[in-house]
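The structure under discussion appears below in the form of structure tokens.
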Amino acid sequence: MFEAADILGLVEPPIFLGLPDGGTDQHRDTIAAALRDALDRAGPHRVLVLSPWRGDGHRDHRVVGEIVEEVCAARQLRSRAFPIWLWHWGGPDDVPWDRAERLPLAPEAQDAKTRALAAHASQILPLSSAPGDEEMIHARMRAHFARDSEVFFAPVPAPAAASDPAGEEARDVGTASAERPSVGQDYFDDMYARHDDPWGFDSRWYEERKRAAVLAALPRRRYRSAFEAGCSTGALTALLAERCDRVLAVDLAAAALDRARTRLAGQGHVELRRATLPGDWPEGVFDLVVLSEVAYYWAGADLGRGLTASVGSLREDGHLVACHWRHPVSEYPWTGDDVHDALAARPDLVRLVRHEEEDFVLEVFARPGARSVAAETGLVP
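Residue numbers for the sequence shown follow UniProt numbering, beginning at 1 and rising by one.
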């Protein structure tokens, strides 16, 4: 960091706040106070505050970007945001071109930028030859920073008044900003390119035990039809296939589906399909809808759309199973708790089952009026 700062000609040394990676949301006051202190020390000079773009697909980038916009708006200071991961996961439709500003770089500035990036050895070089220690910023990602210009985004216009009913409804499902992107295909393609089993579905006891918990939580012994959103390599799909007459499972990663097809070869009642959810939600209704480790990838309005589509896919007596990791992950827009809070807030669902551990939360929902397992099987009236 210090070497890169010297290369770029920074006069003031970097200030480190000692905050944990992925934990900025819990330290908003600390970050805001540090920014205000730095602005106070800048005195009456003209100030332009630069921050990561809050729609970059990284939790820390989002939080810091939001804080900078809030502090600068309160002080009537100019701010601009720079995207980083957008260039890797995004497409032309993901860029807010109406607020984009291009800054051409002189040759000497471009050279300094290249040398500063090269100084971050921990990011651009493998930590070791062991699996999982590959470079964080690979060559394809670095290529995005070889341009002869920089792109910045002006702040988002002030939001609608809090009394706006549409705004209130959006906030109810956690849509804090329409610019927060859902995790895109490139993220998953990179994960599967680096590892055959990036989340340890087949190697970790944690995953095996969690699948058993999901199967045990199902209120019925057997289902006519099931839809699994984000099936990955098919580890859970294979178990659902033993309990369901028909299974439709989708994923956006081609490599994951290839491995799922190998696992489920010969299972004629299982259909595997490539789709990007929630936009490519399948038609039809199902007795069982499974959201396992998937909904926290859906940012902004996508979360609301995905949950609404899930409920819309349920038969009147169907069950919706949701199971998600509870710890924050910097690349994910939400935590599992965020997702399950949004599910619990829906008036068109009632909870039948809840199992909570430090690491994951598992719940089963149904339409209002649904009966317990004991009631369905005649143990109680």
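Every residue, glycine too, gets a C-beta built ideally from N, C-alpha and C.
Kindly identify the DSSP beta-bridge partner or partners of residue i.
| i | result |
| --- | --- |
| His-319 | Leu-288, Ala-366 |
| Arg-274 | Asp-251 |
| Pro-52 | Phe-82 |
| Tyr-206 | None, per the DSSP bridge assignment. |
| Phe-153 | Ala-81, Ala-100 |
| Val-361 | His-324, Glu-356 |
| Leu-264 | In DSSP, Leu-264 forms no bridge with anything. |
| Leu-314 | Phe-286 |
Can you tell me whether residue i is helix, strand or coil according to DSSP?
| i | result |
| --- | --- |
| Glu-293 | coil |
| Glu-283 | coil |
| Tyr-332 | coil |
| Ser-225 | strand |
| Leu-242 | It should be pointed out that residue 242 corresponds to Glu in this sequence rather than to Leu. In this structure, Glu-242 counts as coil in the three-state DSSP scheme. |
| Arg-351 | strand |
| Leu-379 | coil |
| Leu-35 | helix |
| Leu-117 | helix |
| Gly-9 | coil |
| Leu-215 | helix |
| Leu-236 | helix |
| Ala-299 | coil |
| Arg-46 | coil |
| Asp-172 | Below a pLDDT of 50, predicted positions are generally treated as unreliable, and Asp-172, at 40, falls in that range; the measurement from the model is reported next regardless. Three-state DSSP puts Asp-172 in a helix. |
| Arg-371 | coil |
| residue 385 | Since the first residue shown for the chain is 1 and the last is 381, residue 385 is missing from the structure and cannot be characterised. |
| Ala-130 | coil |
| Asp-338 | helix |
Measure the Cβ-Cβ separation of residue i and residue j and say whether it is below 8 Å.
| i | j | result |
| --- | --- | --- |
| Val-63 | Ala-32 | no |
| Leu-379 | Ala-366 | no |
| Ala-235 | Phe-201 | yes |
| Asp-60 | Ser-330 | yes |
| Leu-362 | Ala-254 | no |
| Leu-257 | Arg-274 | yes |
| Ala-342 | Leu-303 | yes |
| Trp-89 | Asp-186 | yes |
| Leu-35 | Val-11 | no |
| Tyr-296 | Pro-333 | yes |
| Thr-30 | Leu-39 | no |
Out of the options, which one is the CA nearest neighbour of residue i?
| i | options | result |
| --- | --- | --- |
| Leu-103 | Arg-346, His-45, Glu-150 | Glu-150 |
| Val-311 | Pro-333, Glu-283, Asp-189 | Glu-283 |
| Glu-242 | Asp-258, Ala-253, Arg-221, Arg-259 | Arg-221 |
| Glu-356 | Arg-326, Gly-90, Gly-268, Trp-97 | Arg-326 |
| Pro-21 | Ala-34, His-58, Pro-92, Ser-372 | For the record, residue 21 in the displayed sequence is Asp; it is not Pro. Here the closest residue by C-alpha is His-58. |
| Ala-213 | His-340, Trp-89, Ala-322, Leu-77 | Ala-322 |
| Met-45 | Glu-66, Gln-26, Thr-24, Leu-77 | Sequence inspection shows His at residue 45; the Met mentioned does not correspond to that position. Per the Cα distances, Leu-77. |
| Asp-189 | Arg-75, Ala-130, Ser-232 | Ser-232 |
| Ala-143 | Ala-74, Gly-9, Thr-114 | Thr-114 |
| Gln-123 | Ala-139, Ala-73, Pro-381 | Ala-139 |
| Ala-4 | Val-285, Asp-196, Leu-240, Ala-109 | Ala-109 |
| Arg-263 | Trp-205, Ala-375, Leu-239 | Leu-239 |
| Arg-305 | Trp-281, Ser-292, Leu-320 | Trp-281 |
So, under 8 Å CB-CB, residue i and residue j are touching, yes? Tell me the CB distance rounded to an integer number of Å.
| i | j | result |
| --- | --- | --- |
| residue 385 | Leu-277 | This structure cannot speak to residue 385, because the chain is shown only from 1 to 381. |
| Asp-251 | Gly-230 | 6 Å |
| Phe-153 | Arg-80 | 7 Å |
| Arg-261 | Leu-272 | 6 Å |
| Leu-105 | Asp-148 | 5 Å |
| Pro-181 | Gly-55 | 6 Å |
| Val-270 | Thr-237 | 7 Å |
| Ile-7 | Ala-146 | So it is not a contact: roughly 16 Å between Cβ atoms. |
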